[in-house]
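End of the sequence shown = 263 in UniProt numbering, gap-free, step of one. Don't be surprised by glycine CBs; every beta carbon is placed ideally from N, CA and C. Fair warning: this is a prediction, and the values are worked out from it, not measured in the lab.
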Amino acid sequence: MIYAIGDVHGQKAMLDHALVLIAADGGAAAPLVFLGDYTDRGPDSRGVIDALIAGRDAGFDWHFIKGNHDRMFQRFMESGDCHDVAIKSGLSWLNSRLGGDTTLASYGIIPAGPANFDKDDLGREVLTTYPTTEGDLNLAELVALAQARVPQAHLDFLSSNPLMHQADGQLFVHAGIRPGVPLDAQIEDDLIWIRDGWLDNTDDHGMMVVHGHTALDTPEHLGNRIDLDGGAGYGRPLVPAVFDSGAWFTLTDDGRKPLRPAR
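(1) Taking buried to mean at least 16 other C-beta atoms within 10 Å of its own C-beta, is lysine 88 buried or exposed?
(2) DSSP three-state call for tyrosine 234: helix, strand or coil?
(3) Would you decide whether asparagine 138 is buried or exposed? Buried here means 16 or more other CB atoms lie within 10 Å of its CB.
(4) Could you tell me which residues DSSP pairs with glutamate 125 in its beta bridges?
(5) Which runs of the alpha helix (DSSP H) spanning at least 4 residues fall entirely within the UniProt domain "Calcineurin-like phosphoesterase" (2-141), listed in chain order?
(6) Taking 7 Å as the cut-off, does the CB of aspartate 190 come closer than this to any heavy atom belonging to the ligand GTP?
(7) Give the range of the alpha helix (DSSP H) segment to which alanine 153 is assigned.
(8) Taking only the alpha-carbon atoms, compute the straight-line gap between aspartate 70 and glycine 36 and give it to the nearest angstrom.
(9) Counting Cβ pairs closer than 8 Å, one from the segment 18-32 and one from the segment 73-80, do we hit at least three?
(10) Specify, as a first and last residue, the run of the alpha helix (DSSP H) that residue 304 falls within.
(11) Is leucine 251 helix, strand or coil when you go by DSSP?
(12) Checking 8 Å against the spacing of the C-beta atoms, do arginine 178 and glutamine 186 come in under that value?
(13) Please go through the same chain and pick out, in chain order, the residues whose beta-carbon is closer than 7 Å to the beta-carbon of glycine 108, but skip the five residues on each side of it.
(14) Would DSSP call arginine 225 helix, strand or coil?
(15) Based on the DSSP secondary-structure assignment, which residues constitute the bridge partners of aspartate 244?
(16) Just to confirm the assignment, what range does the beta strand (DSSP E) spanning valine 209 have?
(17) For a quick check, are the C-beta atoms of serine 92 and leucine 52 less than 8 Å apart?
(18) Buried or exposed: where does isoleucine 226 fall if 16 or more other Cβ atoms within 10 Å of its Cβ makes it buried?
(19) Tell me, please, whether the CB atom of aspartate 101 is closer than 8 Å to any CB atom in chain B?
(20) According to DSSP, what are the bridge partners of leucine 171?
(21) What separation, rounded to the nearest whole angstrom, lies between the Cα atoms of phenylalanine 157 and glutamate 125?
(22) Looking only at C-alpha atoms, which of Ala54, Ser45 and Ile5 sits nearest to proline 31?
(23) Since methionine 14 and leucine 251 are thought to touch, with beta carbons under 8 Å apart, how far apart are those beta carbons, to the nearest angstrom?
(24) Determine, using beta carbons only, whether valine 209 and tyrosine 3 come nearer to each other than 8 Å.
(25) Short of 8 Å in beta carbon distance, which residues of its chain neighbour alanine 105, apart from the five on each side in sequence? Order them along the chain.
(26) Label glutamate 188 either buried or exposed according to how many other C-beta atoms from any shown protein chain fall within 10 Å of its C-beta, with 16 as the threshold for buried.
(27) Could you check which residue in Gly231, His205 and Cys82 has the C-alpha nearest to that of aspartate 217?
(28) Check whether the Cβ atoms of histidine 213 and tryptophan 248 sit closer than 8 Å, and answer yes or no.
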């Protein structure tokens, strides 16, 4: 038996509720896989990471997968990089649509208005000023303030998480896999970003692939894969799931609900 939680996206209260449901179903010490995207969009990314680190340090059988939003936060903290090659729109991580602003706010860097951007020659947003309650900051000033506020333990946590986890005949990844490519040849950009060529693929991958990344209204079983991103980053419920005796179930306040193939 193993439990899984999809994209948390800074929703600490939802995470707490999901953990209560898991504890009621299988006990607080039950094995649990988190599918990544712990940060951005929701109000308390800092609280989420604190809770995950606390569970790990308490010796819980918890496993953490790296998500694309976690990597964006990490890269911003390391070098001030606000972009990812997978974001064709050119949006900056600091744009509210991606949610970096709410992550920084959870560490006490409070926006006093929307970020201001220009565009570079590649059409990417380039920060000009970031209004905060501590003054208008340029990118270098914002990065320096974030580096002073974000605990090193949080960055170590984000950088140390693996890209996949296998257990009970299930493969846990953040976004999915590149069909037809052996697991040991999969690349990070696919494992944390893939949609094209993956979401419409119906191949048997030799094991059930359990992932998040692509937000749905509620978790779904697609036959060869299970998508557990129920849209918590957009305010929808964070729904945990469990694999037990060869079948998947979601957990609700009313108990287990079978998660069966939709096609």
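So, from the data block:
(1) Taking all protein chains shown into account, lysine 88 has fewer than 16 neighbouring C-beta atoms within 10 Å of its C-beta and is therefore exposed.
(2) Reduced to three states, the DSSP call for tyrosine 234 is helix.
(3) Exposed.
(4) For glutamate 125, which the question treats as bridged, DSSP gives the partners Lys119.
(5) The qualifying runs are 12-26, 45-57, 68-79 and 100-106.
(6) This structure lacks the ligand GTP, and indeed carries no ligand of any kind.
(7) It spans 152-160 - the alpha helix (DSSP H) in which alanine 153 sits, taken as one unbroken run.
(8) Those two C-alpha atoms are separated by around 7 Å.
(9) With a cut-off of 8 Å, the segment 73-80 and the segment 18-32 do not count as touching, because too few Cβ pairs lie within range.
(10) Outside the modelled stretch of the chain, which goes from 1 to 263, sits residue 304, for which no answer is possible.
(11) DSSP places leucine 251 in strand when its eight states are reduced to three.
(12) Yes; because the gap between Cβ atoms is below 8 Å, this pair is in contact.
(13) Non-local C-beta neighbours of glycine 108 in its own chain, meaning closer than 7 Å and more than five positions away in sequence, comprise Arg149, ordered along the chain.
(14) Residue state for arginine 225 is assigned as strand, using DSSP reduced to three classes.
(15) Answer by DSSP bridge pairing, in chain order: Ala247.
(16) Looking at the DSSP string, the run of the beta strand (DSSP E) that includes valine 209 is 208-211.
(17) Result no, Cβ atoms of serine 92 and leucine 52 do not sit closer than 8 Å.
(18) Burial of isoleucine 226 is indicated by the presence of at least 16 other C-beta atoms within 10 angstroms of its C-beta.
(19) Any reference to chain B falls outside this structure, which holds one protein chain only.
(20) Assignment of beta-bridge partners to leucine 171 by DSSP yields Gln166 and Val209.
(21) Roughly 28 Å between the two C-alpha positions.
(22) Out of Ala54, Ser45 and Ile5, Ile5 has the C-alpha closest to the C-alpha of proline 31.
(23) Rounded, the Cβ-Cβ distance is 13 Å, inconsistent with contact.
(24) Going by beta carbons, valine 209 and tyrosine 3 fall outside the 8 Å limit.
(25) Cβ-Cβ distances below 8 Å link alanine 105 to Pro43 and Pro111 in the same chain, with the five nearest sequence neighbours on each side left out; the list follows chain order.
(26) Glutamate 188 should be labelled exposed.
(27) Distance from the Cα of aspartate 217 is smallest, within the candidate group Gly231, His205 and Cys82, for Gly231.
(28) For histidine 213 and tryptophan 248, no; Cβs fall outside 8 Å.
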